[in-house]
Amino acid sequence: MEDKEIRPFIVPSFSPEKTRWLQERLKTSNYPNELTEDVGWTHGAPRWAVEPLAKIWAHGFDWEIPRAKMNSWRHYHTTIDDINLHFVHEPSSHKDAIPILLLHGWPSTFYEFHKIIEPLRDGVNGGQAFHVVVPSLPGYGFSEPPKKSGYGVVRMASIINTLMLRLGYNKYMLQGGDWGGIIGKYVASHYSENCKAFHTGFPYTLPPLPTPRNILLHPFKIVKFFASLIVGFDRIYGEGSTILGGATFANAERNNDCGYRSIQGTRPYTLAYGLSDSPLGLLGWMLEKYHNWAFHPEERKDADALPDTIHPYEFLTQVSIYLLTNTMSSSIRIYYECLQQNEMMKVIVPRVEVPVAVCAFAHDIARLPEDWLKAATNLHQYSKFVSGGHFPALEEAKLLTQDVQQFGKTLRNLPIFPKE
């Protein structure tokens with residue numbers, strides 16, 4: 001029988017030995033040779049962007065500062081499906097608070113939400129308050145890595161739903177991006193008796209295909225979709241929409257930006273040697289994604305390693321969590337599990353019947369047309385922003401907080417979470 005005990009946890013310090021090892025490895029790292037011509041970020045993370053951050057990590061970054069902030073929240077472990085799962089649980093003092101689960105993706109951790117945990121818990125500016133739960137996905141950060149194969153989207157969704165039930169939240173709302181959005185959609189469509197609302201910036205749906213339901217309810221959306229196949233996607237839906245299609249999930253020949261998914265989805269073990277043993281390699285692998293997926297003003301897009309909205313210490317905290325826990329190797333295995341089990345179709349196909357809110361930040365990597373979302377989900381709220389990217393909780397914390405609160409107020413006017 002599985003142990004259902006919930007055990008308090010404290011985020012640990014780096015040992016003196018680990019700190020010395022990190023500093024020595026960064027000091028003696030071998031940087032790769034590069035072309036003499038300026039190729040920007042087309043070949044990946046360039047040395048001029050990586051080296052300054054490596055120096056800060058070695059000599060200026062103090063883990064104890066973010067550690068103190070993290071330990072101001074309540075951390076716990078509990079065992080679910082043979083995984084010692086880490087999570088933050090911050091109950092609100094507001095009597096009308098709604099339980100919410102915040103779910104991160106890759107290459108991120110629970111720390112991505114450090115700017116919004118307290119505002120959501122406290123109902124900042126008179127907004128809707130929430131009982132906030134922030135887990136680390138299995139194999140990420142302070143959650144135990146799976147010992148056996150099979151922990152993909154479907155199994156992680158079951159673990160996440162079980163966590164909320166174990167905490168006594170039989171009805172809750174889920175907010176997630178990246179894998180948190182993919183897993184979140186599966187939770188919302190398969191555990192709708194518990195997950196009563198879904199908020200995401202990373203929607204994964206089918207286009208308006210001529211199904212009986214769409215023919216009846218959305219005939220003009222079907223026409224628009226097929227017109228986009230003929231005259232061009234941007235001409236029909238505008239340049240603000242993008243698709244992260246299942247057909248190019250790991251096809252680097254069709255999409256240069258999914259090369260990382262190809263290797264993580266097919267040979268995660270081989271890649272993991274460099275990411276586990278080289279702090280510099282880990283930093284460079286993560287930096288490319290934080291640079292490419294975050295929003296930069298057009299004039300600074302190629303000039304800055306990170307946008308002004310993500311402080312170097314925030315990024316290095318994320319990298320340090322992976323290093324301290326040695327979980328980059330286990331975190332990337334979700335790509336293998338999902339690809340090899342063909343799980344994306346299990347996510348994309350089902351319609352989400354519970355209320356859905358989508359926040360479309362300007363530079364997120366998947367911004368689907370509102371038409372698609374209305375056809376494939378029970379869309380109650382659609383917000384389009386001129387800034388922000390794939391890490392909105394870091395980049396645009398106030399906007400994301402307000403959007404989640406606005407959706408929460410909408411839910412309070414529905415019979416799902418009625419006002420007390």
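With the first letter of the sequence shown counted as 1, position 281 gets the number 281 in full-length UniProt numbering; the numbers rise by one all the way through.
Cβ coordinates follow ideal geometry from the N, Cα and C atoms, glycine included.
Among the candidates the options, whose CA atom is the shortest distance from the CA of residue i?
{"i": "residue 319", "options": "291, 261, 283", "result": "283"}
{"i": "residue 276", "options": "321, 302, 256", "result": "321"}
{"i": "residue 85", "options": "269, 65, 161, 266", "result": "161"}
{"i": "residue 92", "options": "83, 110, 73, 78", "result": "73"}
{"i": "residue 377", "options": "87, 39, 113, 354", "result": "354"}
{"i": "residue 302", "options": "414, 45, 286", "result": "45"}
{"i": "residue 31", "options": "341, 279, 200", "result": "279"}
{"i": "residue 255", "options": "9, 42, 27, 408", "result": "42"}
{"i": "residue 350", "options": "187, 361, 176, 398", "result": "187"}
{"i": "residue 147", "options": "66, 154, 333, 341", "result": "333"}
{"i": "residue 405", "options": "173, 109, 156", "result": "173"}
{"i": "residue 359", "options": "287, 140, 230, 387", "result": "387"}
{"i": "residue 94", "options": "290, 379, 127, 199", "result": "127"}
{"i": "residue 394", "options": "97, 113, 55", "result": "113"}
{"i": "residue 294", "options": "107, 39, 33", "result": "107"}
Between the C-alpha atoms of residue i and residue j, what's the straight-line distance to the nearest angstrom?
{"i": "residue 62", "j": "residue 29", "result": "20 Å"}
{"i": "residue 105", "j": "residue 37", "result": "34 Å"}
{"i": "residue 477", "j": "residue 124", "result": "Nothing about residue 477 can be reported from this structure: the residues present for the chain run from 1 to 420 only."}
{"i": "residue 129", "j": "residue 401", "result": "10 Å"}
{"i": "residue 21", "j": "residue 27", "result": "10 Å"}
{"i": "residue 309", "j": "residue 270", "result": "33 Å"}
{"i": "residue 352", "j": "residue 3", "result": "32 Å"}
{"i": "residue 330", "j": "residue 145", "result": "6 Å"}
{"i": "residue 53", "j": "residue 312", "result": "7 Å"}
{"i": "residue 11", "j": "residue 71", "result": "6 Å"}
{"i": "residue 392", "j": "residue 305", "result": "17 Å"}
{"i": "residue 417", "j": "residue 194", "result": "12 Å"}
{"i": "residue 189", "j": "residue 154", "result": "11 Å"}
{"i": "residue 262", "j": "residue 288", "result": "16 Å"}
My understanding is that residue i touches residue j, with C-beta atoms under 8 Å, so please give their C-beta distance in whole angstroms.
{"i": "residue 57", "j": "residue 316", "result": "5 Å"}
{"i": "residue 176", "j": "residue 103", "result": "4 Å"}
{"i": "residue 131", "j": "residue 99", "result": "5 Å"}
{"i": "residue 411", "j": "residue 197", "result": "5 Å"}
{"i": "residue 164", "j": "residue 134", "result": "In fact, because the Cβ distance is near 12 Å, the residues do not count as touching under 8 Å."}
{"i": "residue 266", "j": "residue 140", "result": "The Cβ separation is near 20 Å, so there is no contact."}
Flag residue i as yes if its beta-carbon sits less than 8 Å from any beta-carbon of chain C, otherwise no.
{"i": "residue 111", "result": "In the displayed structure, chain C is absent; only one protein chain is listed."}
Residue i: beta carbon under 7 Å from a heavy atom of the ligand ZN?
{"i": "residue 275", "result": "Ligands displayed in this structure: none; no statement on the ligand ZN is therefore possible."}
Ordered list of beta strand (DSSP E) runs contained in the region 58 to 117, each at least 3 residues: Note on the region 58 to 117: whole beta strand (DSSP E) runs with a minimum of 3 residues are 75 to 80, 83 to 90, 98 to 103, in chain order.
Counting Cβ pairs, one atom from each stretch, are 3 or more of them under 8 Å apart for the region 333 to 349 and the region 365 to 374? Not touching, per the Cβ criterion.
Please give me, in chain order, every unbroken run of the alpha helix (DSSP H) with length at least 4 that falls completely inside the region 266 to 313. Along the length of the region 266 to 313, whole alpha helix (DSSP H) runs at least 4 residues long occupy 268 to 277, 279 to 293, reported in chain order.
Minimum length 4: unbroken alpha helix (DSSP H) runs contained in the region 346 to 393: Secondary structure within the region 346 to 393: the alpha helix (DSSP H) runs of 4 or more consecutive residues, fully enclosed, are 370 to 376 (chain order).
Stretch-stretch touch, CB-based, cutoff 8 Å, three pairs: the region 179 to 190 with the region 203 to 216: Under the Cβ criterion (8 Å, minimum of three pairs), the region 179 to 190 counts as touching the region 203 to 216.
Counting Cβ pairs closer than 8 Å, one from the region 322 to 340 and one from the region 356 to 369, do we hit at least three? These segments do not touch.
Please list the segments of the beta strand (DSSP E) lying wholly inside the region 114 to 196, counting only runs of 3 or more residues, in order along the chain. Along the region 114 to 196, the beta strand (DSSP E) occurs as fully enclosed runs of 3 or more residues at 130 to 135, 172 to 176, listed in sequence order.
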